[in-house]
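Right, one structure below, let's go through it.
Numbering (the numbering used here), first residue to last: 1353 to 1709.
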(Lines of atoms letter the chains of each structure in order from A and count residues from 1; the text may use other names and numbers.)
(Lines give C-alpha, C1' and ligand atoms only; values in the text may rest on other atoms or scores of the structure.)
Protein backbone atom coordinates (compact mmCIF):
# COMPACT_ATOMS: atom_id res chain seq x y z
CA UNK A 1 0.00 0.00 0.00
CA UNK A 2 1.28 3.48 -0.84
CA UNK A 3 2.24 5.92 1.89
CA UNK A 4 -0.52 8.25 0.73
CA UNK A 5 -3.15 5.54 1.25
CA UNK A 6 -1.57 4.33 4.49
CA UNK A 7 -1.87 7.80 6.03
CA UNK A 8 -5.27 8.44 4.45
CA UNK A 9 -4.43 11.31 2.10
CA UNK A 10 -6.09 12.11 -1.21
CA UNK A 11 -3.20 14.16 -2.61
CA UNK A 12 0.60 13.74 -2.26
CA UNK A 13 1.26 17.06 -0.51
CA UNK A 14 2.70 17.45 2.98
CA UNK A 15 2.81 20.90 4.55
CA UNK A 16 6.17 21.23 6.26
CA UNK A 17 5.97 21.38 10.08
CA UNK A 18 7.57 24.80 10.58
CA UNK A 19 8.14 25.70 14.23
CA UNK A 20 7.91 29.13 15.80
CA UNK A 21 4.20 29.79 15.27
CA UNK A 22 4.08 29.59 11.47
CA UNK A 23 1.85 26.53 11.43
CA UNK A 24 -1.42 27.67 12.97
CA UNK A 25 -4.30 25.24 13.57
CA UNK A 26 -6.16 27.03 10.76
CA UNK A 27 -3.32 26.47 8.27
CA UNK A 28 -2.89 22.82 9.24
CA UNK A 29 -6.61 22.09 9.04
CA UNK A 30 -6.94 23.81 5.67
CA UNK A 31 -4.18 21.64 4.20
CA UNK A 32 -5.69 18.46 5.63
CA UNK A 33 -9.18 19.43 4.50
CA UNK A 34 -7.75 19.79 0.97
CA UNK A 35 -6.53 16.19 1.07
CA UNK A 36 -2.90 16.79 2.06
CA UNK A 37 -1.14 16.34 5.38
CA UNK A 38 -1.15 19.42 7.58
CA UNK A 39 1.68 19.43 10.11
CA UNK A 40 2.21 21.21 13.43
CA UNK A 41 5.76 22.36 14.08
CA UNK A 42 5.82 21.78 17.83
CA UNK A 43 9.50 21.43 18.60
CA UNK A 44 9.67 24.78 20.41
CA UNK A 45 6.30 24.42 22.14
CA UNK A 46 5.48 23.57 25.75
CA UNK A 47 3.86 20.13 26.17
CA UNK A 48 0.55 21.49 27.51
CA UNK A 49 0.32 23.89 24.55
CA UNK A 50 0.99 21.06 22.09
CA UNK A 51 -1.93 19.18 23.60
CA UNK A 52 -4.17 22.23 23.30
CA UNK A 53 -3.15 22.81 19.68
CA UNK A 54 -3.83 19.18 18.75
CA UNK A 55 -7.34 19.54 20.13
CA UNK A 56 -7.82 22.84 18.30
CA UNK A 57 -6.82 21.22 15.00
CA UNK A 58 -9.21 18.34 15.63
CA UNK A 59 -12.07 20.81 15.97
CA UNK A 60 -11.22 22.19 12.53
CA UNK A 61 -10.67 18.95 10.60
CA UNK A 62 -11.48 15.26 10.79
CA UNK A 63 -8.69 14.51 8.32
CA UNK A 64 -5.20 13.18 9.20
CA UNK A 65 -2.54 15.63 10.38
CA UNK A 66 0.91 15.37 11.88
CA UNK A 67 3.04 16.81 14.68
CA UNK A 68 6.78 17.38 14.46
CA UNK A 69 9.20 17.37 17.41
CA UNK A 70 12.90 18.21 17.70
CA UNK A 71 14.92 15.37 19.19
CA UNK A 72 17.10 16.91 21.92
CA UNK A 73 18.71 15.29 24.93
CA UNK A 74 17.75 16.39 28.43
CA UNK A 75 21.21 17.95 28.76
CA UNK A 76 20.79 19.97 25.56
CA UNK A 77 17.37 21.22 26.68
CA UNK A 78 18.45 22.24 30.18
CA UNK A 79 22.01 23.52 29.69
CA UNK A 80 22.75 27.19 29.06
CA UNK A 81 26.40 27.42 30.07
CA UNK A 82 28.19 28.72 26.98
CA UNK A 83 29.26 32.39 27.19
CA UNK A 84 27.34 34.75 24.93
CA UNK A 85 29.56 35.86 22.02
CA UNK A 86 31.10 39.30 22.58
CA UNK A 87 29.72 40.63 19.30
CA UNK A 88 26.17 39.66 20.26
CA UNK A 89 26.52 41.14 23.73
CA UNK A 90 27.82 44.35 22.15
CA UNK A 91 24.77 44.47 19.85
CA UNK A 92 22.45 44.27 22.83
CA UNK A 93 24.38 46.98 24.65
CA UNK A 94 24.50 49.29 21.62
CA UNK A 95 20.75 48.94 21.05
CA UNK A 96 19.71 49.08 24.72
CA UNK A 97 18.02 45.68 24.53
CA UNK A 98 17.51 43.84 27.81
CA UNK A 99 18.98 40.34 27.85
CA UNK A 100 16.52 38.04 29.58
CA UNK A 101 17.65 34.46 29.04
CA UNK A 102 15.50 31.48 30.10
CA UNK A 103 16.62 28.95 32.69
CA UNK A 104 16.36 26.24 30.03
CA UNK A 105 16.93 26.83 26.29
CA UNK A 106 14.35 24.26 25.17
CA UNK A 107 11.43 22.15 26.37
CA UNK A 108 12.07 18.56 27.41
CA UNK A 109 11.62 16.22 24.46
CA UNK A 110 10.45 13.36 26.70
CA UNK A 111 7.52 15.44 27.93
CA UNK A 112 6.61 16.57 24.42
CA UNK A 113 6.71 12.99 23.16
CA UNK A 114 4.45 11.86 25.98
CA UNK A 115 1.75 14.21 24.65
CA UNK A 116 1.77 12.30 21.35
CA UNK A 117 1.40 9.01 23.20
CA UNK A 118 -1.48 10.32 25.32
CA UNK A 119 -3.21 12.25 22.52
CA UNK A 120 -2.22 10.38 19.32
CA UNK A 121 -2.15 11.94 15.87
CA UNK A 122 -1.89 10.33 12.43
CA UNK A 123 1.79 11.13 11.91
CA UNK A 124 4.66 12.01 14.23
CA UNK A 125 7.78 13.35 12.53
CA UNK A 126 11.15 14.16 14.04
CA UNK A 127 14.10 16.44 13.32
CA UNK A 128 17.60 17.08 14.75
CA UNK A 129 18.06 13.48 15.88
CA UNK A 130 16.65 9.98 16.01
CA UNK A 131 14.44 8.29 18.59
CA UNK A 132 14.84 4.66 19.65
CA UNK A 133 13.09 1.50 18.49
CA UNK A 134 10.93 1.31 21.62
CA UNK A 135 9.66 4.85 21.06
CA UNK A 136 8.87 4.07 17.43
CA UNK A 137 6.87 1.02 18.48
CA UNK A 138 5.05 2.93 21.23
CA UNK A 139 3.88 5.51 18.70
CA UNK A 140 2.86 2.87 16.19
CA UNK A 141 0.96 1.00 18.90
CA UNK A 142 -1.31 4.04 19.36
CA UNK A 143 -1.90 4.27 15.61
CA UNK A 144 0.73 6.87 14.69
CA UNK A 145 2.96 6.65 11.61
CA UNK A 146 6.58 7.62 12.34
CA UNK A 147 8.61 9.79 9.97
CA UNK A 148 12.25 10.78 10.43
CA UNK A 149 13.90 13.80 8.79
CA UNK A 150 17.24 13.18 7.07
CA UNK A 151 19.90 15.07 5.15
CA UNK A 152 22.07 12.04 4.40
CA UNK A 153 21.41 8.47 3.16
CA UNK A 154 23.03 6.96 6.25
CA UNK A 155 20.49 8.79 8.42
CA UNK A 156 17.69 7.28 6.33
CA UNK A 157 19.09 3.79 6.93
CA UNK A 158 19.18 4.44 10.67
CA UNK A 159 15.46 5.30 10.66
CA UNK A 160 14.68 2.25 8.52
CA UNK A 161 16.58 0.03 10.95
CA UNK A 162 14.35 1.02 13.88
CA UNK A 163 11.11 0.51 11.97
CA UNK A 164 10.10 4.03 10.94
CA UNK A 165 7.28 4.19 8.37
CA UNK A 166 9.00 6.77 6.14
CA UNK A 167 11.72 9.39 6.02
CA UNK A 168 11.59 12.94 4.77
CA UNK A 169 14.71 13.51 2.65
CA UNK A 170 15.48 17.22 3.02
CA UNK A 171 17.72 18.68 0.32
CA UNK A 172 19.98 21.67 0.83
CA UNK A 173 17.42 23.82 -1.02
CA UNK A 174 15.01 23.66 1.93
CA UNK A 175 14.28 26.66 4.09
CA UNK A 176 14.63 26.66 7.86
CA UNK A 177 16.73 24.29 9.92
CA UNK A 178 18.35 21.21 8.47
CA UNK A 179 16.72 18.23 10.13
CA UNK A 180 19.53 15.70 10.11
CA UNK A 181 22.04 15.06 12.85
CA UNK A 182 25.18 13.49 11.39
CA UNK A 183 28.25 15.64 10.72
CA UNK A 184 28.45 14.08 7.25
CA UNK A 185 25.20 15.82 6.30
CA UNK A 186 26.69 19.23 7.16
CA UNK A 187 30.14 18.95 5.59
CA UNK A 188 28.81 18.51 2.04
CA UNK A 189 25.06 19.27 1.93
CA UNK A 190 23.28 17.30 -0.78
CA UNK A 191 20.77 18.70 -3.23
CA UNK A 192 17.35 17.05 -3.19
CA UNK A 193 17.59 14.91 -6.33
CA UNK A 194 21.07 13.70 -5.39
CA UNK A 195 19.86 12.87 -1.88
CA UNK A 196 16.87 10.96 -3.26
CA UNK A 197 18.94 8.83 -5.63
CA UNK A 198 21.66 8.08 -3.08
CA UNK A 199 19.07 7.15 -0.45
CA UNK A 200 17.20 4.85 -2.82
CA UNK A 201 20.46 3.08 -3.58
CA UNK A 202 20.83 1.81 -0.01
CA UNK A 203 17.32 1.55 1.48
CA UNK A 204 13.75 0.98 0.31
CA UNK A 205 12.04 2.95 3.09
CA UNK A 206 9.25 5.18 1.64
CA UNK A 207 10.42 8.73 0.94
CA UNK A 208 8.94 12.19 1.35
CA UNK A 209 10.86 14.89 -0.55
CA UNK A 210 11.55 18.39 0.80
CA UNK A 211 13.62 21.26 -0.53
CA UNK A 212 12.73 23.94 -3.07
CA UNK A 213 9.40 22.36 -4.10
CA UNK A 214 6.96 25.15 -4.96
CA UNK A 215 4.87 23.93 -7.90
CA UNK A 216 2.86 20.97 -9.13
CA UNK A 217 5.53 20.39 -11.78
CA UNK A 218 8.15 20.06 -9.05
CA UNK A 219 5.93 17.58 -7.21
CA UNK A 220 5.69 15.55 -10.42
CA UNK A 221 9.47 15.66 -10.77
CA UNK A 222 10.16 14.18 -7.34
CA UNK A 223 7.44 11.57 -7.85
CA UNK A 224 9.13 10.54 -11.10
CA UNK A 225 12.35 10.25 -9.10
CA UNK A 226 10.62 7.65 -6.91
CA UNK A 227 9.33 9.73 -4.00
CA UNK A 228 5.79 9.13 -2.73
CA UNK A 229 4.98 12.51 -1.15
CA UNK A 230 6.28 16.08 -1.54
CA UNK A 231 6.73 18.38 1.44
CA UNK A 232 6.40 22.14 0.93
CA UNK A 233 7.15 24.76 3.55
CA UNK A 234 8.09 28.14 2.09
CA UNK A 235 5.04 28.12 -0.19
CA UNK A 236 2.75 28.13 2.87
CA UNK A 237 4.50 30.96 4.74
CA UNK A 238 2.74 33.73 2.82
CA UNK A 239 -0.74 32.21 2.97
CA UNK A 240 -3.50 34.02 4.82
CA UNK A 241 -3.54 31.33 7.49
CA UNK A 242 0.20 31.44 8.20
CA UNK A 243 1.16 32.58 11.70
CA UNK A 244 4.35 34.46 10.82
CA UNK A 245 4.55 38.19 11.51
CA UNK A 246 3.52 40.75 8.86
CA UNK A 247 7.16 41.91 8.76
CA UNK A 248 8.39 38.41 7.92
CA UNK A 249 5.60 37.84 5.39
CA UNK A 250 6.25 41.16 3.67
CA UNK A 251 9.97 40.40 3.41
CA UNK A 252 9.19 37.14 1.59
CA UNK A 253 6.71 38.81 -0.75
CA UNK A 254 9.17 41.62 -1.52
CA UNK A 255 11.67 39.03 -2.72
CA UNK A 256 8.98 37.39 -4.86
CA UNK A 257 7.98 40.71 -6.38
CA UNK A 258 11.49 42.05 -6.99
CA UNK A 259 13.29 41.91 -10.32
CA UNK A 260 16.00 39.36 -10.99
CA UNK A 261 19.48 40.84 -11.19
CA UNK A 262 22.94 39.51 -11.87
CA UNK A 263 23.78 39.72 -8.18
CA UNK A 264 20.74 38.23 -6.48
CA UNK A 265 22.01 34.64 -6.27
CA UNK A 266 22.45 35.25 -2.55
CA UNK A 267 18.76 35.80 -1.75
CA UNK A 268 18.94 32.95 0.78
CA UNK A 269 21.86 31.52 2.71
CA UNK A 270 22.69 28.67 5.04
CA UNK A 271 23.68 30.11 8.41
CA UNK A 272 24.33 29.22 12.04
CA UNK A 273 24.18 32.80 13.29
CA UNK A 274 20.62 32.76 14.62
CA UNK A 275 20.49 29.41 16.39
CA UNK A 276 23.84 27.61 16.27
CA UNK A 277 22.40 25.04 13.84
CA UNK A 278 22.50 25.25 10.06
CA UNK A 279 19.37 26.82 8.62
CA UNK A 280 18.46 28.57 5.37
CA UNK A 281 16.88 32.01 5.38
CA UNK A 282 16.76 35.34 3.60
CA UNK A 283 19.99 37.32 3.71
CA UNK A 284 19.57 40.44 5.86
CA UNK A 285 21.73 42.97 7.69
CA UNK A 286 22.32 40.66 10.66
CA UNK A 287 23.73 37.88 8.49
CA UNK A 288 25.88 40.31 6.52
CA UNK A 289 27.18 42.28 9.51
CA UNK A 290 28.28 39.21 11.47
CA UNK A 291 29.18 36.97 8.53
CA UNK A 292 32.76 36.53 9.72
CA UNK A 293 31.48 34.68 12.80
CA UNK A 294 29.27 32.35 10.76
CA UNK A 295 31.23 29.08 10.70
CA UNK A 296 29.06 26.95 8.44
CA UNK A 297 31.00 23.72 8.63
CA UNK A 298 32.89 24.13 11.92
CA UNK A 299 30.70 25.29 14.76
CA UNK A 300 33.36 25.43 17.45
CA UNK A 301 33.26 29.23 17.59
CA UNK A 302 29.51 29.61 18.16
CA UNK A 303 27.33 28.42 21.05
CA UNK A 304 25.50 25.21 20.05
CA UNK A 305 21.80 24.81 19.39
CA UNK A 306 19.59 25.47 21.31
CA UNK A 307 21.81 27.76 23.41
CA UNK A 308 22.51 30.35 20.69
CA UNK A 309 18.84 30.22 19.72
CA UNK A 310 17.97 31.31 23.26
CA UNK A 311 20.65 34.00 23.18
CA UNK A 312 19.36 35.62 19.98
CA UNK A 313 15.71 35.47 21.05
CA UNK A 314 15.75 38.95 22.70
CA UNK A 315 17.10 40.42 19.45
CA UNK A 316 14.46 38.69 17.38
CA UNK A 317 11.69 39.66 19.79
CA UNK A 318 12.78 43.31 19.69
CA UNK A 319 12.98 43.22 15.89
CA UNK A 320 9.50 41.75 15.68
CA UNK A 321 8.15 44.50 17.95
CA UNK A 322 9.79 47.19 15.82
CA UNK A 323 8.92 45.64 12.45
CA UNK A 324 12.65 45.27 11.73
CA UNK A 325 13.17 42.52 9.16
CA UNK A 326 16.94 43.01 9.24
CA UNK A 327 17.29 41.26 12.62
CA UNK A 328 14.68 38.52 12.26
CA UNK A 329 15.35 34.92 11.27
CA UNK A 330 13.53 34.96 7.94
CA UNK A 331 13.61 31.25 7.16
CA UNK A 332 12.93 30.50 3.50
CA UNK A 333 13.95 27.97 0.88
CA UNK A 334 15.57 28.56 -2.48
CA UNK A 335 12.15 28.63 -4.15
CA UNK A 336 11.11 31.76 -2.25
CA UNK A 337 10.67 33.83 -5.41
CA UNK A 338 7.55 31.81 -6.18
CA UNK A 339 5.59 32.62 -3.00
CA UNK A 340 2.21 34.31 -3.35
CA UNK A 341 -0.21 36.04 -1.01
CA UNK A 342 -3.19 33.69 -1.09
CA UNK A 343 -5.32 31.35 0.98
CA UNK A 344 -4.24 27.78 1.71
CA UNK A 345 -7.21 26.55 -0.29
CA UNK A 346 -6.08 28.61 -3.31
CA UNK A 347 -2.50 27.35 -3.01
CA UNK A 348 -3.57 23.72 -2.68
CA UNK A 349 -5.94 23.99 -5.65
CA UNK A 350 -3.26 25.59 -7.81
CA UNK A 351 -0.77 22.85 -6.90
CA UNK A 352 -3.30 20.12 -7.67
CA UNK A 353 -4.25 21.73 -10.99
CA UNK A 354 -0.57 21.82 -11.99
CA UNK A 355 -0.01 18.31 -10.74
CA UNK A 356 -2.94 16.93 -12.72
CA UNK A 357 -2.32 18.95 -15.88
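Heads up, the beta-carbon is just placed ideally off N, CA and C, and yes, glycines get one too.
Nothing here was measured: the structure is a model prediction, and the numbers come from that model.
The shortest C-alpha to C-alpha distance from residue 1547 to any of 1455, 1496, 1520, 1442 is the one to 1520.
Short of 6 Å from the beta carbon of residue 1503, and not among the five residues preceding or following it, lie these beta carbons of its own chain, in chain order: 1522, 1530, 1532, 1537. Taking C-beta separations shorter than 7 Å and ignoring five residues to either side along the sequence, the partners of residue 1492 in its chain run 1498, following chain order.
At the C-beta level, residue 1634 and residue 1682 come within 7 Å of one another. Only residues of its own chain outside the window of five on either side were considered, and among them 1497, 1498 have a CB closer than 6 Å to the CB of residue 1517, listed in chain order. Taking a contact as a CB-CB distance under 8 Å, the pair residue 1421 and residue 1395 counts as one, their CB atoms being some 5 Å apart. Unbroken beta strand (DSSP E) stretches of 3 residues or longer found wholly inside the segment 1480-1525: 1497-1502, 1518-1522, given in chain order. The beta strand (DSSP E) runs lying completely inside the segment 1605-1689 and spanning 3 residues or more are 1620-1623, 1631-1634, given in chain order. In this structure, residue 1565 lies near residue 1584, with their beta-carbon atoms less than 7 Å apart. Excluding sequence positions up to five before and after residue 1679, its CB lies within less than 8 Å of the CB of 1636, 1637, 1638, 1667, 1668, 1670, 1671, all in the same chain and listed in chain order. Runs of beta strand (DSSP E) with 3 or more residues, each lying fully within the segment 1365-1448, are found at 1365-1367, 1390-1393, 1417-1422, listed in chain order. Taking the Cα positions, residue 1471 is about 21 Å away from residue 1383. Residues of the same chain with a CB within less than 6 Å of the CB of residue 1458, apart from the 5 flanking positions on each side, are 1424, 1429, 1658 in chain order. Bounds of the alpha helix (DSSP H) holding residue 1355 are 1355-1359.
Nearest neighbour of residue 1674 by Cα position, chosen from 1413, 1445, 1449, 1698, turns out to be 1449. In the structure shown, the three-state DSSP call for residue 1462 is helix. Secondary structure at residue 1475: strand, using DSSP grouped into helix, strand and coil. DSSP places residue 1545 in the uninterrupted alpha helix (DSSP H) bounded by 1544-1552. For the options 1461, 1443, 1403, the alpha carbon positioned closest to that of residue 1480 is the one of 1461.
The C-beta separation of residue 1592 from residue 1627 comes to about 28 Å, leaving the pair out of contact by the 8 Å criterion.
The bridge partners DSSP lists for residue 1527 come to none. In chain order, 1393, 1589, 1594, 1595, 1596 place their CB closer than 7 Å to the CB of residue 1374, counting only its own chain and leaving out the 5 sequence neighbours on each side. Remark: C-beta atoms of residue 1468 and residue 1476 approach each other more closely than 7 Å. In this structure, residue 1685 lies near residue 1525, with their beta-carbon atoms less than 7 Å apart. Residue 1703 and residue 1587 have their C-alpha atoms roughly 10 Å apart. Each residue's CA atom was taken as its position, placing residue 1569 and residue 1706 some 6 Å apart. Residue 1402 and residue 1464 do touch by the CB rule: their CB atoms are close to 6 Å apart, below 8 Å. Residue 1536: member of the alpha helix (DSSP H) spanning 1536-1539, first to last residue.
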